[in-house]
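Everything below concerns the one structure shown next.
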Amino acid sequence: MKEKLIKVHKLDNNQELEIYDLSRKIAEDTWVVIAIIRMNININNLFMKDEKELPVTIADIKDILGENVLFEIKIEKNFIHHSNKNNELKQLVDSFLKTNIGYISKHAFPGKYVLKEYFKKIKNVHHNCS
Numbered sequence: 025m026k027e028k029l030i031k032v033h034k035l036d037n038n039q040e041l042e043i044y045d046l047s048r049k050i051a052e053d054t055w056v057v058i059a060i061i062r063m064n065i066n067i068n069n070l071f072m073k074d075e076k077e078l079p080v081t082i083a084d085i086k087d088i089l090g091e092n093v094l095f096e097i098k099i100e101k102n103f104i105h106h107s108n109k110n111n112e113l114k115q116l117v118d119s120f121l122k123t124n125i126g127y128i129s130k131h132a133f134p135g136k137y138v139l140k141e142y143f144k145k146i147k148n149v150h151h152n153c154s
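If you count by the working numbering, then the sequence shown holds residues 25 to 154, one letter each, in order.
Have a look at this one:
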């Protein structure tokens with residue numbers, strides 16, 4: 025599946041959402057319309073002033089997750105006639121942004137997401153070691 029960057033949306037929290045079209049043809053005149061929404065969160069730029077308030081150190085987070093954490097959402101709609109493909113893709117993306125932009129634009133979102141991913145990974149590591 026070939027990704028096509030269709031939009032970059034700058035957020036109030038200094039992050040960027042990259043929106044990709046991964047739609048693919050499933051029959052002669054029928055498509056599955058797929059959009060991927062990504063935010064690449066750089067840990068180095070995230071916790072500078074708040075590190076003392078974190079439940080773990082930035083070094084611990086980097087050891088487990090690396091320098092960057094990827095927030096990614098996939099949205100799709102099946103069995104779309106080729107004449108409606110572009111309109112359906114736009115509606116999917118617009119609906120996602122309308123519903124979620126307020127939340128993912130908040131200053132605290134990137135840090136909370138990174139911590140959530142860190143603790144999820146730690147839990148999985150400990151669970152798999154048991």
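For every residue, glycine included, the Cβ atom is placed at its ideal position computed from N, Cα and C.
Between Leu89, Glu52, Lys144, which has its C-alpha nearest Ile104's C-alpha? Glu52
Would Asp45 be called buried (16 or more neighbouring beta carbons within 10 Å of its own) or exposed? buried
Which residues in the same chain as Tyr127 place their Cβ atom closer than 6 angstroms to its Cβ, once the five residues preceding and following it in sequence are excluded? none
Could you tell me the alpha carbon to alpha carbon distance between Thr54 and Gly135, rounded to whole angstroms? 40 angstroms
Under DSSP, the beta strand (DSSP E) around Ala59 begins and ends at which residues? 54-66
Below 7 angstroms CB to CB, which residues in the same chain sit around Pro79 once its five sequence neighbours on both sides are set aside? none
Own chain, CB closer than 8 angstroms to Glu91, minus 5 neighbours either side, in chain order: Asn66, Ile67, Asn68
Glu77 - DSSP class collapsed to helix/strand/coil: helix
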